[in-house]
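Everything on this sheet refers to the single structure shown next.
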């Protein structure tokens, strides 16, 4: 992609996606990229997400890929990026519902979802990467291995949490990714952590505690406590992967996510006693791995090109709200009032925090 510089000379822009809640940064181009201009901009904000980024599932996720320059028209409209982020959030919201509809246990979902997601992400990397050899060189480094491990842990614990605990509790815990990203950035990258981050961390942990207290037993043999623990493991591992991506911007995001998902799928394959499933149930889990996650990641990556990272993060909070409501509406999984209150505390605190970061970023760039 090329955009005109202040001098009128076109320069390419590459974006690296990760999770919402991390500000855009200037950096080096990916391996093998030739830059004809003063700099290259990276955005580690897409969810990739979300899968885990997630989301989930985990951000955002087109790593080392330059898309075509936007044409005049809708892509230049100020609401275009917001529309893309909204579409991604609405697409990923029913992810946990389809996981429930699959009727699979934790290790079965881990196997099928992980392998299918790994297949989709691997194919996307093959089709979209401009420098596969450079991506592989970056992958076989300590940071590359750490990124894959973080993505595998993220994929593994998200599935286990959804399988054995209330959806609401897991999603409330996963929503804390921006806080852990800020903390890990301060510890390993020297980022500054202000009072706003510390206060928000205390408030969201209190909200999660309230949800756990009210959550009761999940849809299976587990509990709200285990669900919150799995959700926090997902959020910390996702934040860790985003920190690694910031430390080495040449890492191939799609490839590391695909390998992490494949690794978790292999673990599930080894642990599962029976992988057979009815066609409709198999279709439900396949839809999450082959459609929901890849398409939402693409939309999040694209949205981060047209709007601020904090805007993408705010829209991703919709999954935290809509996910439990969809599961309740379709299959009747109850959400206790106190759990809803705890979730409201988490979402409200994160919304205020992300809006604060957005204003601070605008003020510093003015």
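In the working numbering, the protein residues as written are 5 to 370.
Note that the Cβ used here is the ideal one computed from N, Cα and C, for glycine as well.
Pick out whichever of the options has its Cα sitting closest to the Cα of residue i.
i, options, result
"residue 344", "230, 178, 172", "172"
"residue 301", "276, 262, 288", "262"
"residue 100", "194, 170, 124, 267", "170"
"residue 96", "268, 367, 316, 299", "299"
"residue 288", "87, 94, 102, 89", "102"
"residue 190", "243, 116, 110", "243"
"residue 291", "94, 83, 127, 106", "106"
"residue 281", "113, 196, 268", "113"
"residue 207", "362, 329, 354", "354"
"residue 120", "146, 326, 338, 295", "295"
"residue 335", "327, 341, 342", "327"
"residue 115", "338, 317, 273", "273"
"residue 213", "346, 317, 199", "346"
"residue 362", "200, 254, 110", "200"
"residue 111", "278, 87, 233", "278"
"residue 87", "342, 305, 285", "305"
"residue 174", "84, 229, 253", "229"
Near residue i, which residues of its chain fall below 6 Å by C-beta distance, leaving aside the five closest residues on each side in sequence?
i, result
"residue 359", "none"
"residue 205", "183"
"residue 126", "262"
"residue 293", "117, 120, 121"
May I ask you to check if the CB of residue i is nearer than 7 Å to at least one heavy atom of the ligand MN?
i, result
"residue 256", "With respect to the ligand MN, the structure offers nothing, as it holds no ligand at all."
Return the chain-ordered list of same chain residues with a C-beta closer than 7 Å to the C-beta of residue i, the five sequence neighbours on each side being excluded.
i, result
"residue 38", "With a pLDDT of only 40 at residue 38, under the threshold of 50, the placement of this residue in the model should not be trusted; the figure read from the coordinates follows. Counting only Cβ-Cβ distances below 7 Å, and skipping sequence neighbours, we find nothing."
"residue 91", "303"
"residue 239", "177, 178, 180, 181, 184"
"residue 342", "214, 217, 218"
"residue 147", "248, 251, 252, 255"
"residue 268", "114, 118, 156, 159, 160"
How many angstroms separate the CA atom of residue i from the CA atom of residue j?
i, j, result
"residue 320", "residue 275", "32 Å"
"residue 312", "residue 364", "12 Å"
"residue 159", "residue 118", "7 Å"
"residue 251", "residue 165", "29 Å"
"residue 216", "residue 193", "32 Å"
"residue 271", "residue 348", "35 Å"
"residue 163", "residue 235", "10 Å"
"residue 149", "residue 231", "27 Å"
"residue 153", "residue 309", "27 Å"
"residue 186", "residue 356", "15 Å"
"residue 93", "residue 315", "12 Å"
"residue 210", "residue 203", "11 Å"
"residue 259", "residue 248", "14 Å"
"residue 241", "residue 157", "7 Å"
"residue 218", "residue 131", "46 Å"
"residue 104", "residue 137", "39 Å"
"residue 330", "residue 98", "7 Å"
"residue 145", "residue 237", "24 Å"
"residue 198", "residue 317", "19 Å"
"residue 135", "residue 253", "14 Å"
"residue 283", "residue 233", "32 Å"
"residue 83", "residue 155", "31 Å"
"residue 323", "residue 161", "18 Å"
"residue 85", "residue 264", "28 Å"
"residue 188", "residue 333", "37 Å"
"residue 337", "residue 196", "41 Å"
Run through the DSSP bridge pairs and tell me what residue i is partnered with.
i, result
"residue 245", "None, per the DSSP bridge assignment."
Given residue i, which residues of its chain have a CB within under 8 Å of its CB, disregarding the five upstream and five downstream residues?
i, result
"residue 76", "Bear in mind that the predicted position of residue 76 carries a pLDDT of just 45, short of 50, making it too unreliable to give a figure here."
"residue 285", "105, 106, 107, 108"
Could you tell me how far apart the beta carbons of residue i and residue j are, in whole angstroms, since I believe they sit closer than 8 Å?
i, j, result
"residue 122", "residue 266", "3 Å"
"residue 89", "residue 307", "4 Å"
"residue 325", "residue 350", "Not confirmed; about 10 Å, so no contact."
"residue 167", "residue 109", "6 Å"
Is residue i close to chain C, meaning its C-beta is less than 8 Å from at least one C-beta of that chain?
i, result
"residue 132", "Given the protein chain composition of this structure (a single chain), no chain C is represented."
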